[in-house]
Amino acid sequence: MTPPLLRVRDLHREFATARRAFRARRSAVRAVDGVSFDIQPGETLGLVGESGCGKSTTGRLVLRILEPTSGSVEFGGQDLLALTPRALRAIRRDMQIVFQDPQSALNPRMTVGEQIVEPLLIHGIGDAISREQRLRDLLALVGLAEHHASRFPHEFSGGQKQRVCIARALALNPRFIVCDEAASALDVSIQAQILNLLQDLKRQLGLTYLFISHDLGVIRHISDRVAVMYLGQIVEIGPKAAIFDAPLHPYTMALLASVPSSRTGKQHFATIRGDVPNPADPPPGCRFHTRCPHAQAICRTTQPPLRRLGPAHDAACHFAEAIRAHIPTEHPRNAQ
Amino acid sequence: MRPPQPDTAPKLLDVANLRINFGTMSVVDGVSLSLSAGEVLGLVGESGSGKSMTALALMRLLPPGGTLAADRLTLLGEDLLAAPARRLEALRGHQIGMIFQEPMTALNPVLSIGSQIGETARRHLKINRQEARDRGIEALKRVGIPAPESRIDDFPHQLSGGMRQRVMIAMALVCEPRLLIADEPTTALDVTIQAQILELLQDLQAEYHMGIILISHDLGVISSFADRVAIMYCGQVVEEALADRIFHQPMHPYTEGLLASIPATDHDVERLTAIEGTVPPPWALPPGCRFAPRCGYAREICTTAQPPMTQLRPGSRAACWRNTGYAPPGYAPP
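In order, the protein sequence lines correspond to chains A and B.
Residue numbering for the first sequence follows the numbering used here, beginning at 1 and increasing consecutively.
Residue numbering for the second sequence follows the numbering used here, beginning at 1001 and increasing consecutively.
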């Protein structure tokens, strides 16, 4: 088996909450709390979860845009957290990020061409002529015309701006790109264009993606493997088909049941109750137990570890086997 | 599916040829809609399609600079175009309720939720403070807020996003309106919370037999809730049909393109069929069919003449030359 391109182990990140009047202790939000995964070269790992689950923080930690509190990140066999600033900067050529909102990711006072070649200038790559050529290639690669280079971001539509951001991310020929809700701010017809573009680029350039999104349809479409996050932890990870067609964690099941489909017609929603708990004060035991229809006593006290339950398919649930076998568990909350 | 209503009773809402302009710029052009009591109409479109402007116009609440014209705009037979400002104020919040996308901006942060719900009730129902508070508690209980007796004194910032949207719904429903306009009511919410809110709206709709106009860009949300669907593109309705039909047999190329653009959660496709190009801005609309520059079926006639809205089967109409065999305007088959 080839070594993974990205190897993440037991990643943690805490954020101190603001000091408040009349509150003795400062508490910490554990935004990412023990996350581990591998990404193979040429693979797309989809990271899905609701707002505040830590998926975007995870994306920033693996690029070391944010410093992890603890844990390890290896990229191409190198320990990212042990690198000197100079070495880190060199390795960053290989890893890039595309953000959700291209409007705020672009500088309104620079032409699009200047922004696309800026990474080459920063890393001192090529001369003016070769950069000019590279700019033309990049524009063609993302489906923009040469004359677009001299225009400013405000002259572009949302979809075109996102193409500019993708061209800029590709300027240094990276191997790995984190796409953080890269198509989420766009209308559906434009979203489809950008998703197709990202898939084409992956094939042409042999890219590896960590694709972060809250949209389960987008995740299914773009990913090879999928990790589902809840309150800072991965609750289930596995091949796309297993996650969507045979999920093992009750949270994954609830997410999938909550998505309204345009194919089923009028439906009644099978919903899970309650809100996501406050991440500054997560529940003890399994973090999902407050909303889980299968929760029993052990779930309130003991955190279930991520366990191998199928081929390359892990889930963190005490009762995954029983739920899979449709053995009804007791429903103490429902029995009240 | 609801059977067609007899034509004798006045429609809950009847809009014909609605036009909205900002200066010389047309943002809504010739929209006709109707809604019966107890019916849910889904209004779908991408950003800039004019769906939210249409909703605001129904309540005569256009932003400054907007001018409105229509051949007909009636609520239960009453002409809203001719109604004086006082009458409109009496109708809004009483006969017409509205829910917006972002509850945090729609709620007043310095007033308790009880006083905001109570304000609506006292104004329209002419009841006293205590009665208004009781009604507020009742409404909060109905929308599923736990411990409503104490929650009623909370301020908006003390509630989660889903709870705030429940409060918005309680406010909109406290006077039991006949028509509810819900503009992207779940777009800002996470998917599990969205499911809870949609379930609540479905229950309340069945209980109060309201007519609902549900505005959304999310075809999944529309499909799971609406009886009938109108698809808007560049300020016009391009297709309107029963929900089952529109999602399985779209008659307009734009509807077809939208449906093919959405990645599904229940099956895989190798490649999404994207609609090429972008939505033209309202100051640069193409002549002829507004979708023609992006349409794979477009022929010459599509670039010169606007296709008329054509009845294709009972309860299903679309504006596309393809459905009439690309026949030129005025052409009558032998």
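Virtual Cβ for every residue (Gly too), placed ideally from N, Cα, C.
Under 8 Å by beta carbon: chain B residues contacting residue i
i      : result
L47/A  : In chain order: nothing, as chain B lies at least about 15 Å away.
L216/A : V1191, T1265
A325/A : Ordered by position in chain B, no residue passes the 8 Å Cβ test against A325/A, which lies about 23 Å from the chain.
Alpha helix (DSSP H) segment containing residue i, residue limits
i       : result
D180/A  : Element bounds for D180/A: not the alpha helix (DSSP H) but the beta strand (DSSP E), 176–180.
I243/A  : 240–245
I129/A  : 128–141
I1197/B : 1191–1208
G1038/B : No alpha helix (DSSP H) contains G1038/B, which DSSP labels as neither H nor E.
V1167/B : 1161–1173
Q1130/B : 1129–1142
Q1306/B : Per DSSP, Q1306/B belongs to no alpha helix (DSSP H) and is neither H nor E.
G1220/B : 1219–1225
Within chain A, partners of residue i - CB distance below 9 Å
i       : result
H1217/B : D187, V188
F1100/B : Near F1100/B there are no residues of chain A at all, since even the closest Cβ is about 19 Å away, more than 9 Å.
S1223/B : P260, S261, S262, R263, T264, G265, K266, Q267
Run of the beta strand (DSSP E) containing residue i, from where it starts to where it stops
i       : result
H1124/B : Premise fails: H1124/B lies in the alpha helix (DSSP H), 1113–1125, not in any beta strand (DSSP E).
Y1233/B : 1228–1233
G34/A   : 28–39
A1057/B : Run containing A1057/B: none in the beta strand (DSSP E); it sits in the alpha helix (DSSP H), 1051–1058.
A227/A  : 225–230
H12/A   : 6–16
S1316/B : 1316–1318
R1019/B : 1013–1022
V112/A  : It is not in any beta strand (DSSP E) - V112/A instead sits in the alpha helix (DSSP H) that spans 112–122.
T1310/B : 1310–1313
I1212/B : 1211–1216
G46/A   : 44–48
A149/A  : Taken as a continuous stretch (DSSP letters only), A149/A belongs to no beta strand (DSSP E), as it is neither H nor E.
I272/A  : Looking at the DSSP string, I272/A is not in any beta strand (DSSP E), and its letter there is neither H nor E.
Local Cβ density within 10 Å of residue i, reported as buried at 16 or more and exposed below that
i       : result
M110/A  : exposed
P1156/B : buried
S189/A  : buried
E1078/B : exposed
A28/A   : exposed
D1218/B : buried
E146/A  : exposed
A1085/B : exposed
H289/A  : buried
K1011/B : buried
E1207/B : exposed
L195/A  : buried
A335/A  : Residue placement at A335/A is flagged as unreliable, the pLDDT there being 37, under the threshold of 50; the coordinate-derived value follows with that caveat. With fewer than 16 other Cβ atoms within 10 Å, it is exposed.
I298/A  : exposed
P1308/B : exposed
W1321/B : buried
Whole-number beta carbon distance between residue j and residue i, since they are thought to touch under 8 Å
i       : j       : result
A1106/B : A1139/B : No, A1106/B and A1139/B are not in contact; Cβ-Cβ is about 16 Å, not under 8 Å.
I116/A  : R168/A  : 5 Å
V1237/B : V1031/B : 5 Å
L63/A   : I97/A   : 6 Å
C1175/B : H1248/B : 38 Å between Cβ atoms; not a contact.
V1028/B : A1057/B : 7 Å
G232/A  : D33/A   : 4 Å
D1227/B : L1204/B : Rounded, the Cβ-Cβ distance is 16 Å, inconsistent with contact.
T271/A  : Q1202/B : Incorrect: roughly 11 Å between the Cβ atoms, too far for contact.
P337/A  : I323/A  : Nothing can be reported for residue 337/A, as the shown portion of chain A is limited to 1 through 336.
S157/A  : S1223/B : Actually they are not in contact, since the Cβ atoms of S157/A and S1223/B sit about 27 Å apart, beyond 8 Å.
Contacts that residue i makes with chain A (C-beta to C-beta distance below 7 Å)
i       : result
G1220/B : V259, P260, S261, S262
G1257/B : S189
A1230/B : Those within 7 Å of A1230/B in chain A number zero; the least Cβ separation is about 15 Å.
Amino acids of chain B, ordered along the chain, whose beta-carbon sits closer than 9 Å to that of residue i
i      : result
R220/A : P1263, A1264, T1265, D1266, H1267, D1268
S184/A : Result: empty, since nearest Cβ-Cβ is about 12 Å, beyond 9 Å.
L210/A : Result: empty, since nearest Cβ-Cβ is about 18 Å, beyond 9 Å.
E155/A : Per Cβ cutoff of 9 Å: no residues; E155/A is ~12 Å from chain B at best.
Amino acids of chain B, ordered along the chain, whose beta-carbon sits closer than 7 Å to that of residue i
i      : result
F244/A : T1265
I272/A : T1192
L255/A : V1191, T1192
Q100/A : By Cβ distance, chain B contributes nothing, its closest Cβ being about 14 Å from Q100/A, past 7 Å.
Chain A contact residues for residue i, given Cβ-Cβ distances below 8 Å
i       : result
R944/B  : With chain B running from 1001 to 1334 in the structure shown, residue 944/B is simply not present.
G1162/B : D275
Could you tell me which whole alpha helix (DSSP H) segments of length 4 or greater appear in the region 154–209 of chain A?
Here the runs fully enclosed are 158–170, 188–205.
Every unbroken alpha helix (DSSP H) within the region 276–318 of chain A, with a cutoff of 4 residues, ordered by chain:
For the region 276–318 of chain A, whole alpha helix (DSSP H) runs of length 4 or above, ordered along the chain, are 297–301.
Output the residue ranges of the beta strand (DSSP E) runs that lie fully inside the region 52–92 of chain A and measure 3 residues or longer, sorted by chain position.
Whole beta strand (DSSP E) segments, 3+ residues: 70–75.
Within the region 1228–1287 of chain B, ranges of the alpha helix (DSSP H) (whole runs, at least 4 residues):
For the region 1228–1287 of chain B, whole alpha helix (DSSP H) runs of length 4 or above, ordered along the chain, are 1243–1248, 1253–1261.
If the cut-off is 7 Å on Cβ atoms, which residues from the region 1028–1039 of chain B count as contacting chain C, listed in chain order?
In the structure shown, chain C cannot be found, because the protein chains are A and B.
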